[in-house]
Structures are given as C-alpha cells and as structure tokens.
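Here it is as structure tokens:
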C-alpha cells in the first residue's frame, strides 16, 4: 500500500468518524476493504497524532473540548455570559470540564462569596486568576489525560459530601428526544454533579444539536436549563420546553 493510499484512507476514516460519531475496527475494515490489522495500525497512528480517540474495539472523533484552541469563540463567550448571569453572589456551584463551561469563568469576576467545585484543571486555573478569589474546591480522583479532568469513584464520593445551588455541565451532543450526549465513557461524575445540585444547567452550542453520540449523559428530566446560542431554531426550543427545560439563547455581540 502506497503512502498516498494510506493518507487517503486515514482521511476517509476521519470523515466517517465525524459522520457516525464512532466506528468499530470491523466496520472500518469492511468499508475500506482492508484488514483489521491495517485499521488498528491506522487508528494507533492517528491517535498518536491527536486526530482521534480509541474506544472499545474502534474509535471516536477527537472531542471538540480537546482540540487545541486559543481564546474561546464569541459563541462560547456569549453562552458563558448568559450562564454566569444565572449566578448570584454567595452561590455554591459545581462546574464540569469543557471549553464551553470554562468560558463562563471570566464572567464570574464580579460575583462575591462564591464557592466553586470543579473536576477540571483548566477551570481551576482560570478561577485562580480571578481577583474576587472564589473559594475553590477540587474533586480529586483519577486523572484522565484525554479530557484533562478528574473522574472515577473517588471524585464521585467527594461530590456527594457537598450540596450545590447549581451544576454547570457541558455536552458534546444534544439529542432532542433523549438528552445530552458525550464522547466521554466515564459519565458517572457528571450525573453525580446533577444529583448534588438543586438546579442543573447545560451549556452547549446549537451546532451540537443532532450530533449522533452513543453515550447518554443526562436525560432531559435531569436538566433544568439549557444555555445555548441564537442558532437554535424555534422548533427545537419548543420541543425542549415541552419537556420542561428552560432554554436561554444567548446573543453574540459580534462574529462567532
């Protein structure tokens, strides 16, 4: 097999993963008419180059939260502003890992007396930069280098020792019928965050509506509010409101 054909196949693998959300080695071998050994070599090489993640005999696309990026987009900033507006002074909140949830941190600068727990090192570092110095709590637990966050039973147990006014949780996909979806197979911690908070707020861009991702994170009955952007259409908003979810569509102040 020539180097050119290998590159073409790997490019095709990425396109297929982005379309399907996940794919097994067996499916990929059939689709590209090659051996499973070759596909495994492809997936290993592509993961080493930060192009995808290996999962259970196959692969998934690299989650957007792991894509190297600089400052958050204007859409993320708008969602962050709208989410932060829900938080009064002296609130106790828990914030899940993710670039969209992290976008709300600069908006907390004017809040006083906050207590914030997170499993995300990125979120924790951003909180430490705030001049109002909120009380910062970390879940601890097992470090997941793929998501740069703590996971596992230890983190879940720590969370259960607290109670919070609100939980702020991201999503890789929005299924209008089932709930929020994620690439992360370790979904227990997000569910515990929802359990220990009186209100659950999901932050997600409208572009994530309809993304086919296998791991259901939070069913809609566990979600109180969805903060998204103006790209969410009226029909989708009405569908969610019928399910009892408050929808906030944040307006951007400039280009996304």
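In our numbering, the protein residues as written are 20 to 275.
Quick reminder that beta carbons are idealized off the backbone N, C-alpha and C, glycines included.
In the structure shown, the three-state DSSP call for residue 164 is coil. Here DSSP, grouped into helix, strand and coil, assigns residue 207 to helix.
Relative to the Cα of residue 241, the nearest Cα in the group 59, 186, 203, 155 belongs to 186.
Taking C-beta separations shorter than 8 Å and ignoring five residues to either side along the sequence, the partners of residue 234 in its chain run 200, 201, 202, 203, 204, 206, following chain order.
Judged by their CB atoms, residue 121 and residue 94 are not nearer to each other than the 8 Å cut-off. The DSSP-derived three-state label of residue 108 is coil.
Annotation for residue 234: the continuous beta strand (DSSP E) segment containing it runs 234-238. In the assembly as shown, residue 229 is an exposed residue. Its beta-carbon has fewer than 16 other beta-carbons within 10 Å.
Inter-residue distance for residue 151 and residue 157 is about 18 Å (C-alpha atoms, whole angstroms).
In the DSSP assignment, residue 139 forms a beta bridge with 168. DSSP places residue 70 outside both helix and strand once states are collapsed to three, so it counts as coil. Beta-bridge analysis with DSSP links residue 80 to 71.
Per DSSP, residue 247 lies in no alpha helix (DSSP H) segment; the continuous beta strand (DSSP E) that holds it begins and ends at 244-248. In this structure, residue 73 lies away from residue 41, with their beta-carbon atoms at least 8 Å apart. Put simply, of 70, 211, 155, 192 the residue whose alpha carbon is nearest the alpha carbon of residue 178 is 211. Beta-carbon to beta-carbon, residue 176 and residue 208 are separated by about 11 Å, too far to satisfy the 8 Å threshold. In this structure, residue 112 lies near residue 135, with their beta-carbon atoms less than 8 Å apart. Where residue 216 is concerned, the enclosing beta strand (DSSP E) starts and stops at 216-222. Comparing C-alpha distances from residue 119 to each of 272, 96, 80, 244 shows the shortest one belongs to 96.
DSSP lists 247 as the bridge partner or partners of residue 268. For residue 61, the three-state secondary structure derived from DSSP is helix. DSSP, read as helix, strand or coil, puts residue 253 in helix. Here the C-alpha atom of residue 132 lies approximately 28 Å from the C-alpha atom of residue 270. Pairing residue 272 with residue 248, the inter-Cα distance amounts to about 11 Å. If you look at residue 98, you'll find it isn't in any beta strand (DSSP E); it sits in the alpha helix (DSSP H) that goes 93-103. Taken through DSSP and simplified to helix, strand or coil, residue 123 comes out as coil.
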